[in-house]
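*Asks:* Protein chains in written order, with this note's numbering: chain C, 25 to 598; chain Y, 2 to 166. A virtual CB, placed ideally from N, CA and C, is assigned to each residue, including glycine.
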Amino acid sequence: MTISVVIDGRPLEVEEGTSILDAAAQANIHIPTLCYLPEVQAIGACRVCLVEIEGNRTLQAACVSPVAKGQVIYTNTDRVRKARRFSVEMLLSNHPFECLSCAKNLHCDLQTLAYDLGIREIRFTGEKSGGRIDESSPSIRRDQNKCILCRRCVTVCQEIQSVTALYMQGRGFETRVEPAFDRDINDVACTNCGQCSVVCPVGAITEKEYIDEVWAALSDPTKFVVIQDAPAVRAALGEEFGYPPGTLVTGKMLAAARRLGFDRVFDTNFAADLTILEEGTELLTRVKKGGTLPMITSCSPGWIKFIEHFYPELLDHLSTCKSPHMMLGALTKTYFAKKSGVDPKDMVVVSVMPCTAKKFECNRPEMFDSGYKDVDYVLTTREFAKMIKQAGIDFQSLPDGKYDDPMGEYTGAATIFGATGGVMEAALRTAYEVATGKVLENVEFTAVRGLEGIKEATIPVEGIGDVRVAVSHGLGNARKLLDKIKTGEANYHFIEVMACPGGCVGGGGQPIPVNNDIRGLRAQALYGEDCALTYRKSHENPSIKRIYEEFLGQPLGEKSHHLLHTHYTPRSKF
Amino acid sequence: MSQEKQCQCAEVQEEELYPRLEEVITEHRGKGQDLIMVLHKAQNLFGYLPRKAQEMVAEGLNVSLNEVYGVITFYNFFSTVPQGRNSVKVCLGTACYVRGSQEVLDKAQKELGIKVGGTTEDRRYSLDVVRCIGACGLAPAMLVNEDVYGRVKSPHLPDILAKYE
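1) Along chain Y, in chain order, which residues have C-beta atoms closer than 7 Å to that of L45 of chain C?
2) Using the rule of at least 16 other Cβ atoms within 10 Å of the residue's Cβ for burial, across every protein chain shown, is D236 of chain C buried or exposed?
3) If you follow the alpha helix (DSSP H) that G500 of chain C is part of, which residue opens it and which one closes it?
4) Taking V91 of chain C as the reference, which of C:L83, C:S117, C:V29, C:A459 has the closest Cα?
5) On the CB-based measure, 16 or more other CB atoms within 10 Å of its CB, does I157 of chain C come out buried or exposed?
6) Flag this pair as yes or no: are the beta carbons of I509 of chain C and P318 of chain C separated by less than 8 Å?
7) Starting from the beta carbon of T188 of chain C, find every residue of chain Y whose beta carbon is closer than 7 Å, and list them in chain order.
8) For R453 of chain C, name the three-state secondary structure that DSSP assigns.
9) Just verifying my parser: in three-state terms, what is the DSSP assignment at C137 of chain Y?
10) For the beta strand (DSSP E) containing F290 of chain C, list its first residue and its last residue.
11) For E202 of chain C, verify whether its CB is less than 7 Å away from any heavy atom of the ligand SAM.
12) Helix, strand or coil for Y559 of chain C? Go by DSSP, reduced to three states.
13) If you measure beta-carbon to beta-carbon, which residues of the region 336 to 364 of chain C are closer than 9 Å to chain Y?
14) Classify C555 of chain C as buried or exposed, calling it buried when 16 or more other Cβ atoms lie within 10 Å of its own Cβ.
15) Just confirm the distance between the C-beta atoms of V376 of chain C and D398 of chain C, as a whole number of angstroms; I'd bet it's less than 8 Å.
16) Answer yes or no: do C220 of chain C and C181 of chain C have a C-beta to C-beta separation smaller than 8 Å?
17) Helix, strand or coil: how does DSSP classify S496 of chain C here?
18) Taking Cβ-Cβ distances shorter than 8 Å, what residues in chain Y pair up with Y191 of chain C?
19) Along chain C, in chain order, which residues have C-beta atoms closer than 9 Å to that of F75 of chain Y?
20) Whole angstroms is fine: what's the gap from G142 of chain C's alpha carbon to L36 of chain C's?
21) Sorted by chain position, which residues of the same chain lie with C-beta nearer than 6 Å to Q55 of chain Y's C-beta, five sequence neighbours on each side aside?
22) By a C-beta neighbour count over all protein chains shown, 10 Å radius and 16 as the cutoff for buried, is E433 of chain C buried or exposed?
23) Are there 16 or more other CB atoms within 10 angstroms of the CB of V72 of chain C, so buried, or fewer, so exposed?
24) Identify whether Q621 of chain C lies in helix, strand or coil by the three-state DSSP scheme.
25) Between P594 of chain C and chain Y, is the shortest Cβ-Cβ distance under 8 Å, so that the two count as touching?
26) With 8 Å set as the bound, which would you pick, yes or no: does the beta-carbon of E56 of chain Y sit closer than that to a beta-carbon of chain C?
27) Return the CA-CA distance between T590 of chain C and H517 of chain C, expressed in angstroms with no decimal places.
28) Would you report the Cα separation of T265 of chain C and T444 of chain C, rounded to the nearest angstrom?
29) 8 Å is my cut-off, CB to CB: does E15 of chain Y come that close to chain A?
30) Let's test the definition: count the other Cβ atoms within 10 Å of the Cβ of V226 of chain C and tell me whether it reaches 16, buried, or not, exposed.
31) So the beta strand (DSSP E) C92 of chain Y belongs to, where does it begin and stop?
32) For the region 164 to 187 of chain C, which residues have a beta carbon sitting closer than 8 Å to at least one beta carbon of chain Y?
33) Rounded C-beta distance between L62 of chain Y and G94 of chain Y? I'm assuming under 8 Å.
34) Who does K479 of chain C pair with in a DSSP beta bridge?
35) With DSSP as the reference, identify every bridge partner of Q193 of chain C, one or two as the case may be.
36) Between the alpha carbons of E478 of chain C and G530 of chain C, how many angstroms are there, rounded?
Below, the structure is given as structure tokens:
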């Protein structure tokens, strides 16, 4: 049912139950917000979205106030402007003002608000609640001095990820966002997914930067520096350079990497194809020989850490495959080192990832199978964009570049790894053909696409029967599936789990802001690239065929086992 | 020596209480919404909320330990340090405050060698502040256990405290 309201003198018909914030947006009236997070949090805590309603004594927070019939609302009166400004001034009174050296400088919601509201002096000064800097995690950096207590990180960690690594501690002036007993974030059950860093409106939670380390490697003439880019990066990097969400910038991304001075530009997509060969074979082996089912994907290191902490008893369900960029790292320092004659000890492998969890992953003790650190540094999409800007590269005018052989060629199956359901679809394309020996005509498994939290499908495969699969994204949804496995309700063969909402396109290291529209557009960009590629099934990739002939032998063979597979570590849920 | 003996004794007693906490938790298993009630019962058992008890509650109610600690640190009622045998509470309500209870509190902290919210090493005293105990006519007022003391001046404190073993 729709009701009539008047906002700023404009009559409007809106659905009953709509918040004033959304109703105003429908009339193209922008109400500033700070603690509000679309699809996740509306709590009216920051008092920035205040509006005046005729007949109401006090101003109301637009994000939590539903419209009422016949309401007359003003979003831009003197009183409203003063109240909003006052709210922000109060937040500023407790802020450290380190804007010039802050990682979020020019990308800070508080800074933008102060500018938009025309704050020209700091009227209130006094004691600052302060807090500590927690640099314990290899993935994220927390600076509590900058925290404005908006609770976005807590809500995303609890409601979306079902992890609750952080919570509001204490009360009043002593309120802070910390784990229990104010322990370091690296010492508690944090998955390193980085969703907190995506939603933090200020510089209180950011990714741990490794930009300077990578610059140092690039300027060291004795180092041979190799870069690889994950599939989701090409679907989002453009946003940092003014392109609309959903613009695919593969060519420019590869060209930028070369301009930055990397000696080889490989593609994580190549290793995604390799993952399908290994994981698909592993699945078929488990189905035929009665191994642990359902088998669950292992590409998402945030997800791996989640199951290690919260469901260690289910670790046998995980595929033993390393995540694609770790496979590529191990192969760079073995296969490519042998082929090129470069000593692996002089090599530095840099992964550009949509992910903060991969920063943790590359430091795991299991990830030294080449005899060296398989991947030296992980940069997020955001950090990679910063490097391009620091180098003075005009991204928009870059001519399209290409990846390097022998580990750059990829199929459409690999590029969709970046979206939820993509790994599943890629695996089905190959598993079907390997299991039946027949050609799969329609390669698009649309049932596993899209942003629904948990997707299920049943695929009849000749010789095996019905293959039941499930796909989840966001760790809260993964938890639901794991609980079903524990109770025996889940009779799937194969499950794909990605830690972040939307999959890697919505990863913790991706450009900010993000919402479901943007996640969908980024995924669409990857499905578009898939359609446009010559090969759309991983096992058809000529470079993959070559690496098995020249080096690996066969999927799950001895070399694969050593370089491409791993094991997991049970951890405490506290 | 006698102090050490006392501590061990307290620890032994504490160990014996965990099975009883387990019984309480069993009644509320998996019910995160009962968190405050269960913490309340746990604190009644132990006199405070030891870390192990917090972990058991988190596990049993299926709530993150980080959230459990957040609730504990939010409410003044909950304590994460053991309580002394005698609870000393200085009123900082308006009437008491204007008649000098801050001075009484400062003296109490100095005399006991602990801060507000703390417990002496021998577990003889815990010190807290309260906001009005309804004895404004006697301001500044303080409580030791159930006993109310009115018109307290800081020099009175040692004598008052000495009455409680």
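*Replies:* On the basis of the coordinates in this document:
1) Those within 7 Å of L45 of chain C in chain Y number zero; the least Cβ separation is about 28 Å.
2) Answer is exposed; the Cβ neighbour count stays below 16.
3) In the DSSP assignment, G500 of chain C falls within the alpha helix (DSSP H) that extends over 499 to 511.
4) Shortest Cα-Cα distance from V91 of chain C to any of C:L83, C:S117, C:V29, C:A459 involves C:V29.
5) Label assigned to I157 of chain C: exposed.
6) Taking 8 Å as the Cβ cut-off, I509 of chain C and P318 of chain C qualify as a contacting pair.
7) Going along chain Y in sequence order, the residues near T188 of chain C (Cβ under 7 Å) are S65, N67, E68.
8) Note: R453 of chain C maps to helix in three-state DSSP.
9) Here C137 of chain Y carries a helix assignment [DSSP, helix/strand/coil].
10) Element bounds for F290 of chain C: 288 to 291.
11) Of the ligands one can find in the structure shown there are none, so the ligand SAM has no counterpart to examine.
12) Coil, per DSSP.
13) Residues of the region 336 to 364 of chain C that bring their beta carbon within less than 9 Å of a beta carbon in chain Y are absent altogether.
14) C555 of chain C sits exposed, since fewer than 16 C-beta atoms from the chains shown fall within 10 Å of its C-beta.
15) 16 Å between Cβ atoms; not a contact.
16) Less than 8 Å separates the beta-carbon of C220 of chain C from that of C181 of chain C.
17) Correct three-state label for S496 of chain C: strand.
18) Result: S65, N67, E68, Y70, G71.
19) Those are M192, Q193, G194, R195, T199, listed as they occur along chain C.
20) If I take the Cα positions, the gap works out to 29 Å.
21) Taken in chain order, the residues that qualify are V69.
22) The residue is buried, with at least 16 neighbouring Cβ atoms inside 10 Å.
23) Counting the other CB atoms within 10 Å of its CB gives V72 of chain C a total of 16 or more, which places it among the buried residues.
24) There is no way to answer for residue 621 of chain C, as the model of chain C reaches only from 25 to 598.
25) It does not; no Cβ of chain Y falls within 8 Å.
26) Among the CB atoms of chain C, one or more fall inside 8 Å of the CB of E56 of chain Y.
27) Here the alpha carbon of T590 of chain C sits roughly 21 Å from the alpha carbon of H517 of chain C.
28) A small fix is needed here, since residue 265 of chain C is Phe in this sequence, not Thr. If I take the Cα positions, the gap works out to 25 Å.
29) Absent from the structure is chain A; the protein chains it does hold are C and Y.
30) By the neighbour-count definition (other C-beta atoms within 10 Å, threshold 16), V226 of chain C is a buried residue.
31) C92 of chain Y -> beta strand (DSSP E) spans 87 to 92.
32) Per Cβ criterion, the list reads Q182, V187.
33) Incorrect: roughly 35 Å between the Cβ atoms, too far for contact.
34) The partner list for K479 of chain C (beta bridge, DSSP) reads C:V495.
35) Its beta-bridge partners are C:R200.
36) In the sequence on display, residue 478 of chain C carries Ile and not Glu. C-alpha separation (whole angstroms): 16 Å.
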